[in-house]
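I have placed the structure first, in the form of structure tokens, so that the comments after it can refer back to it.
There are 2 protein chains.
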Amino acid sequence: MNKPSFEEGLLQYVEELKDESEMTEKQKSILRASIKLFAEKGFHASSTAEIAKEAGVAEGTIFRHYKSKKDILLAVVAPVLVKFAAPFILKDIREIFKEQAEKPFKEVTTELFRNRLNLVLQNEKTIRILLQEAFFHDEIREALIATVFKDAKEMVYKLIEAKMDAGELRRLPSQAVFRAVLHSMIGLVMFRQVLDPDEFAEYSDEEQIAYTVDILMNGIGSRE
Amino acid sequence: MNKPSFEEGLLQYVEELKDESEMTEKQKSILRASIKLFAEKGFHASSTAEIAKEAGVAEGTIFRHYKSKKDILLAVVAPVLVKFAAPFILKDIREIFKEQAEKPFKEVTTELFRNRLNLVLQNEKTIRILLQEAFFHDEIREALIATVFKDAKEMVYKLIEAKMDAGELRRLPSQAVFRAVLHSMIGLVMFRQVLDPDEFAEYSDEEQIAYTVDILMNGIGSRE
DNA sequence: CAATAAAATGAGTGATTACTCACTATTATA
DNA sequence: TATAATAGTGAGTAATCACTCATTTTATTG
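Chains as they are written, first to last, in our numbering: chain E, 1 to 224; chain V, 1001 to 1224.
As structure tokens, this is what we get:
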């Protein structure tokens, strides 16, 4: 059915994405306040009155810059998708996968994980909002899948298969391998706060990445 | 600070948990309607008017049984925690880990994954709500961590360390191993709909579990 | 500096919100 | 069958919602 809700819905925001430099102070303030509130209490629980107050702005000013409350959400979320998708898929991934394709899969994966972890750490709040709202807004969910997964998946599949042919990876269904890589990455990146705070401190991010990749490559079982 | 928000907050709902049998038809209907709506559009986006309509009940009836809208949420979420936590940790896990502790780690894990996958499949909507709201409600998040993770973690840690001593698992930090198991499980269970629908069909749940466990144990790298 | 445009304002809008309450209908108990 | 308790109702309530618009403030330009 009405397929391109991404194209029609979010993509325009991505294209119309303003530089921060061409926003007024007030507009930037509205975005900042929205990110804060959406991340703290969610989109629906944050009222435009609150946003205005937090931003130090009249409520009407919000609607001068964004024609609806949902527009604010999309304006908040779009840049993250761009950072997640465009640089990742079109630059980072292409670079990582094409330029580094000769390197061992382990190194490629380490670089990938490091890249993603940094991105998430730098955009914690907006990513929280993004994931949060992806549950309910079709546009966002589809955009997320379209940008983050769809293109990336093909590349990863190709790399996986190439590395299988080269004997570097075991012969397993590509899908199973892809999912394993994906789950390791998401787990590494998303479930940091599940454990006790003192357990975090025990290992640095680099160590966490190293262990994650090591286990992904070699498993947890011994090889007696 | 005011620590036991779980005890004070959710636990009472768990204890006061009514049998379905001692609910009226209307009350059950309210719960069913709430689950449906909360899962579809989220807690905040679902109005009590909608719930009443969906449930075929006067709006006042809702507030006869639940003193606030949030109470409905807790009533929806509590049973899942009980099913997830108590039986899981206290029964399933104890059984799996104590009775089956002699079995290879691989088999224990397979059993665990199978158990969790079924639970999620059977409670898809409520688990969606649970995770969703855990983002924002401290009580729910803390309850989730307290019930699902905290106790389970210790048991898993002990098993992991025992299996390391027995030479069945590699010598790695327990934390890294625990996280790997956790990520595999969550990934297996939560990210089924990320892939194309036709890719699901390709492998059965049992096969997915088998590959997940295999990769967890042996990794994706070859052992030339 | 005057004229024009853009940005910002906040009181006001009708719709909707969670929730109350006086009341009726049903069921359980004595 | 009378009494009491529980279940159910829906109109009503104040508060809040996203959003509008006539007006004022600030910035830009000729």
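Ideal Cβ placement from N, Cα and C applies to all residues, glycine included.
Cα-Cα separation between residue i and residue j, rounded to whole angstroms
i, j, result
"V:Leu1144", "V:Val1082", "10 Å"
"E:Glu25", "V:Leu1131", "36 Å"
"V:Val1181", "V:Leu1216", "7 Å"
"E:Met155", "E:Asp205", "26 Å"
"V:Phe1006", "E:Ser222", "Note that V:Phe1006 scores a pLDDT of 43, beneath 50, so its modelled location is shaky and nothing firm can be said."
"E:Ser219", "V:Ile1220", "One detail in the question is off: residue 219 of chain E reads as Gly in this sequence, not Ser. When rounded, the distance between both Cα atoms is 7 Å."
"E:Ile160", "V:Glu1050", "49 Å"
"E:Phe43", "E:Ala162", "43 Å"
"E:Glu111", "V:Lys1106", "30 Å"
"E:Phe136", "V:Thr1061", "28 Å"
"V:Asp1214", "E:Ala45", "43 Å"
"E:Gln27", "E:Ile72", "10 Å"
"E:Glu168", "E:Val108", "13 Å"
"E:Val120", "V:Tyr1203", "31 Å"
"V:Lys1070", "V:Arg1170", "46 Å"
"V:Ala1176", "V:Lys1041", "36 Å"
"E:Arg114", "E:Gly56", "37 Å"
"V:Glu1095", "E:Phe63", "58 Å"
"E:Lys150", "V:Phe1149", "32 Å"
"V:Glu1124", "V:Glu1207", "21 Å"
DSSP beta-bridge partners of residue i
i, result
"E:Leu169", "V:Gly1221"
Under the three-state DSSP convention, the category residue i falls into
i, result
"E:Met23", "coil"
"E:Pro79", "helix"
"V:Phe1136", "coil"
"E:Asn115", "helix"
"V:Gly1187", "helix"
"V:Lys1103", "coil"
"V:Gly1042", "coil"
"E:Ser204", "coil"
"V:Ile1051", "helix"
"E:Lys69", "helix"
"V:Gly1056", "coil"
"E:Arg192", "coil"
"E:Glu8", "Note that E:Glu8 has pLDDT 46, beneath the 50 cutoff, so the model's placement of it is unreliable and the number below is only indicative. In this structure, E:Glu8 counts as helix in the three-state DSSP scheme."
"E:Tyr211", "helix"
CB-CB length for residue i against residue j, believed under 8 Å
i, j, result
"E:Val189", "E:Leu74", "With 8 Å as the limit, E:Val189 and E:Leu74 do not qualify as a contact, their Cβ atoms being about 23 Å apart."
"E:Ala33", "E:Glu59", "Contact doesn't hold; Cβ gap of about 12 Å is too wide."
"E:Val77", "E:Thr126", "7 Å"
"V:Pro1079", "E:Tyr211", "Incorrect: roughly 36 Å between the Cβ atoms, too far for contact."
"V:Phe1178", "V:Lys1153", "7 Å"
"E:Ile186", "V:Gly1187", "7 Å"
"V:Ile1035", "V:His1065", "That belief does not hold up - the Cβ atoms of V:Ile1035 and V:His1065 are roughly 15 Å apart, past 8 Å."
"V:Phe1038", "V:Ile1129", "5 Å"
With 16 other Cβ atoms within 10 Å as the buried cut-off, status of residue i
i, result
"V:Ser1184", "buried"
"V:Phe1191", "exposed"
"V:Leu1047", "Sequence check: residue 1047 of chain V is Ser here, not Leu. Classification for V:Ser1047: exposed."
"V:Gln1122", "exposed"
"V:Ala1052", "buried"
"E:Asp138", "exposed"
"V:Lys1103", "exposed"
"V:Lys1067", "exposed"
"E:Ala166", "exposed"
"V:Glu1133", "buried"
"E:Glu142", "buried"
Residue i: CB within 8 Å of a non-hydrogen atom of the ligand NAD
i, result
"V:Met1217", "By its list of ligands, the structure shown contains no ligand whatsoever, and the ligand NAD lies outside what it can speak to."
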